[in-house]
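Chemist: One structure, pasted below without further comment.
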Amino acid sequence: MKRILLLFALMLASAVGVNAQVVLNIMSPSSIQGGLTHTNNGNSAGWGLADLLNPADAVLDTVVVMDDSTAGVNTVLGTDPTTGNAYPGIPLKYEGCNLDTTSAWQTNRLAGKIVLISRGTCEFGLKVYLAEMAGARAVILYNRDNAQLNAGPGAYGALTTIPFAMIARPDGDMLRLAIEGGQTVVAFLGNKIGAFPNDMSISPTEAMYPPALAVPALLAQDSSDFKMKLGFWARNDGSANQSNVIANVTVKRGGTTLYTMSTSSFSMNAGDSSYISFPPFQLNGYPLGAYEVNYNVNVANESFPLDNNIDFAAVINDSLFSYARVNPTTLLPVDNNSIKSSSFTSSWATGIHFRHPQASRMLLKGVRFACFTSAPDSLTGRTIDVAVDEWLDSFTDIVDTNCKVTNTSPLAVETYTYTANAQDSMVTQLFDDPIELDDNMRYIISLTTSDQSIFMNHSYGPAYQLNDLTAGEQPREIIRVDNSWFTGGFSSGRIPTFQLIMEQNFAGEPEEIVVDALLYPNPAHHVVYLKLNGFEPAAGISVYDMTGAVVLQKAQASVVNGEMVIDVSSLPSGAYVVVAPGVNGDLRANLVVSH
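Numbering (the numbering used here), first residue to last: 257 to 851.
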């Protein structure tokens, strides 16, 4: 069945289909009830149970804590992001590396249960295998850090047949403390299609994302530089037909809503799906900050709200470009997950494609990236080659059959040598000479290693799968395995966390350089002064709000002592962009009005 409905100028296309979603949901007690973000053995190859998409593999049972009686504490720790301090050490007995599967005490505890096991000391596959040998129905692994992880199978993963999920340290501690505190914890792990009556969902792989999630301000001057396509697939995963579904998208900056759009209520039968397309979010100017996007779909009495929302932020900043999610304050990647090619002989590379219509505004100074080696290996003394190449093949978008890497021209190759064991930590390689970029030129920036033990860090999301199906979309991640290039990146849908370090290219720029300091006081209450500094105004000024609408316009502004005087007392408190046309180009400045 297909249909098109017009809802408040939104397009909603509907089609029958099933998108299996594997969930980890705590059913009880009510104090910790709800879904937990996780990865599972469908996220990594080499496990005996290939995935959890088959509803027959779903598990609903009581959770117990691993205790293999091993003495001591594992002091290899992650950092608590809420305090900045290291997490407490994890007792070795929680790791399950020395589980006696012949012990009647152990089998009586673990048989028919979901077992909670901590990361550490031995490989993930061994933990799951031993738990299964003791009779466990499923395993929940928890990381030593506040991050998810794709658990590699190791030597024992292929021997396992039970499902597992990997969760972050805070969620693991929460479950363990509840169980050790005497509460009975019951969890559901598996494909949730039809498991709950009222269950609308959005998948991160079925949503539209901005062109990039960290963008230098000089590459986001207006909507021709940067805009967000908005839309997502909504699915009815529940067993009940729905008659009152509502979809919504909101964009905020600094707590201020810049854009919001909702559909009217619509119907969706169990198992159906609909694509909801919203008008793009675009501004005439983007002040620095995080533009926080929320997608939402909901019905009354929602049974499983964990997957009703998708949240992400596009961060306009001074100098960093990244396709992966970043922390708006530190600009560090939100998550680091270690990946490598499993099939290379001599070397492999992870790379990103960069292209922008105003690329000449910037110089490429270098890159930031993170790597990982499995213990007991160390990164100290190991090397990563950083290369920048012009990509000269001609094609229109990622789905063009000519989208291949056959013609490149090298611009720079430099080597980064680790001087410390900086596991999963961003390091910086600055080029000997910053690279001038050309408008609309394609560039491949890549990290290469010939070391079989080095993993490159990637992010779980977004992986831009839905974007990649849209006409005009350009490739983002590019992988090289020996001499073969793959313009679609990893099939697992991961995006590199490495970042491009940029700075303004002043070559050929007019003297009037636009910075916030030209405008004072800022924030302004009633009157603001625009320092001209030799800038020759050609006319008056226009002030735009964050939706791109002109909210104040003066055909002839007053100029006193080389400063343009602007009365903003009529404007409500908020963020604005001031544009003054000049003889040799426009002058732009960001303004905040606060009454």
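Heads up, the beta-carbon is just placed ideally off N, CA and C, and yes, glycines get one too.
1. Are the CB atoms of G304 and T417 within a distance shorter than 8 Å?
2. If you draw a straight line from the C-alpha of L667 to the C-alpha of V833, how long is it?
3. With H, G and I counted as helix, E and B as strand and the rest as coil, what does DSSP make of T363?
4. When you compare each of A421, E819, P453 and V849 to G830 by their alpha carbons, which one comes out closest?
5. Would you mind sorting L847 into buried or exposed? The rule is 16 or more other CB atoms within 10 Å of its CB.
6. Cutting at 8 Å between CB atoms, please list the residues of its own chain near D694, excluding the five before and the five after it.
7. Under 8 Å, with one C-beta from each stretch per pair, do the region 316-336 and the region 363-376 reach the 3-pair mark?
8. Considering just the uninterrupted stretch of the beta strand (DSSP E) at E548, what are its terminal residues?
9. Skipping 5 residues on each side, what residues in its chain have a beta carbon closer than 6 Å to that of G745?
10. Using three-state DSSP, classify K485 as helix, strand or coil.
11. Give me the residue from E759, S459 and T357 with the minimum Cα distance to S325.
12. Using a 10 Å radius around the Cβ and a threshold of 16 neighbouring Cβ atoms, would you call V816 buried or exposed?
13. Need the endpoints of the beta strand (DSSP E) that D223 sits in, please.
14. Tell me the DSSP bridge mates of F568?
15. Considering only their Cβ atoms, is the gap separating S495 from D563 smaller than 8 Å?
16. Determine whether the beta carbon atoms of S409 and G381 lie at a separation below 8 Å.
17. Helix, strand or coil for G862, going by three-state DSSP, please let me know.
18. With a cut-off of 8 Å, do at least 3 Cβ pairs link the region 620-628 to the region 683-699?
19. Does the Cβ-Cβ distance between K483 and F444 come in under 8 Å?
20. Would you call the CB atoms of Y542 and A473 closer than 8 Å?
21. Please classify G487 as buried or exposed, where buried requires at least 16 neighbouring CB atoms within 10 angstroms.
22. Can you tell me whether DSSP reads E379 as helix, strand or coil?
23. Quick one: give me the first and last residue of the beta strand (DSSP E) that D801 is part of.
24. Just curious, the beta strand (DSSP E) that N504 is in, first and last residue?
25. Determine, using beta carbons only, whether L421 and N399 come nearer to each other than 8 Å.
26. State yes or no: is the C-beta of D567 within less than 8 Å of the C-beta of N550?
27. For Q730 and R611, which I take to be in contact (beta-carbon distance under 8 Å), what is that distance rounded to the nearest angstrom?
28. If distances are taken between C-alpha atoms only, which option among M682, I701, A727 and S602 comes closest to N739?
29. Taking DSSP as the reference, what is the three-state secondary structure of V384?
30. Under DSSP, the beta strand (DSSP E) around S533 begins and ends at which residues?
31. Which residue from V505, E792, A526 and F560 puts its Cα closest to that of T519?
32. Per DSSP, what kind of secondary structure is L415 in: helix, strand or coil?
33. Consult DSSP for I282 and reduce its assignment to one of helix, strand or coil.
34. Given this structure, state the Cα-to-Cα distance separating P777 from A463, to the nearest angstrom.
35. Taking DSSP as the reference, what is the three-state secondary structure of N723?
36. Give the secondary structure of R617 by DSSP, where H, G and I count as helix, E and B as strand, and everything else as coil.
Modeler: Taking the structure as given:
1. yes
2. 37 Å
3. helix
4. V849
5. buried
6. A615 and S616
7. yes
8. G545 to N554
9. E733 and I735
10. strand
11. T357
12. exposed
13. Here the chain covers residues 257 to 851 and nothing more, so residue 223 does not appear.
14. V549
15. no
16. According to the sequence provided, residue 409 is Pro. The question's Ser does not apply to it. Yes, Cβ-Cβ distance for P409 and G381 is below 8 Å.
17. There is simply no residue 862 to check, as the chain begins at 257 and stops at 851 in what is shown.
18. yes
19. no
20. yes
21. buried
22. coil
23. Counting along the chain, D801 falls outside any beta strand (DSSP E), and DSSP gives it neither H nor E.
24. Q498 to R509
25. It should be pointed out that residue 421 corresponds to Ala in this sequence rather than to Leu. Not closer than 8 Å, so no.
26. yes
27. 6 Å
28. S602
29. helix
30. D528 to F537
31. V505
32. helix
33. strand
34. 41 Å
35. helix
36. helix
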